[in-house]
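Going by our numbering, the sequence shown opens with residue 15, and the numbers climb by one from there. Just so it is clear, CB atoms sit at the ideal spot from N, CA and C, and this is done for glycine as well. Computed from a prediction, not measured in an experiment: that's the story for all the values here. Okay, so here's the structure we're looking at.
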Amino acid sequence: MATVRITEADLIRDVEGALAKVRQGDEVVVQNDGRDVAVMTPPRPQGRNASECLAIAESLNPWPVVDEDFAKDVQEGIAARSIPWNPPEWD
15 MATVRITEAD LIRDVEGALA KVRQGDEVVV QNDGRDVAVM TPPRPQGRNA SECLAIAESL
75 NPWPVVDEDF AKDVQEGIAA RSIPWNPPEW D
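Dropping the structure here:
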């Protein structure tokens, strides 16, 4: 991935061109007075979709079997990672 640096004025003048660079996989850094103010990058892959996961599961031999403690393990995992959200109070 290449890094392309442009000014805010260049971005305003040619936003389509900047987005084309991002679509090609380049990182576009927007600058104002020589300081970086924004970075545009292509989105990261989000992982497998459901049909890919099913295809992988179906290819396994024998078919995966969920044991009797699976639900308990899942609940423990959720509980261990559940952190209450306490947003800051605003004045």
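Check: Residue interval of the alpha helix (DSSP H) (run including glutamate 90); Outcome: 84 to 95
Check: Beta-carbon spacing of arginine 19, glutamine 45 below 7 Å; Outcome: yes
Check: Residues of its chain near alanine 16, where Cβ-Cβ distance is below 6 Å and the 5 sequence neighbours each way are ignored; Outcome: Asp40
Check: Arginine 58 - containing beta strand (DSSP E), residue span; Outcome: Per DSSP, arginine 58 belongs to no beta strand (DSSP E) and is neither H nor E.
Check: The segment 28 to 37 in contact with the segment 52 to 65 per 3-pair CB rule at 8 Å; Outcome: yes
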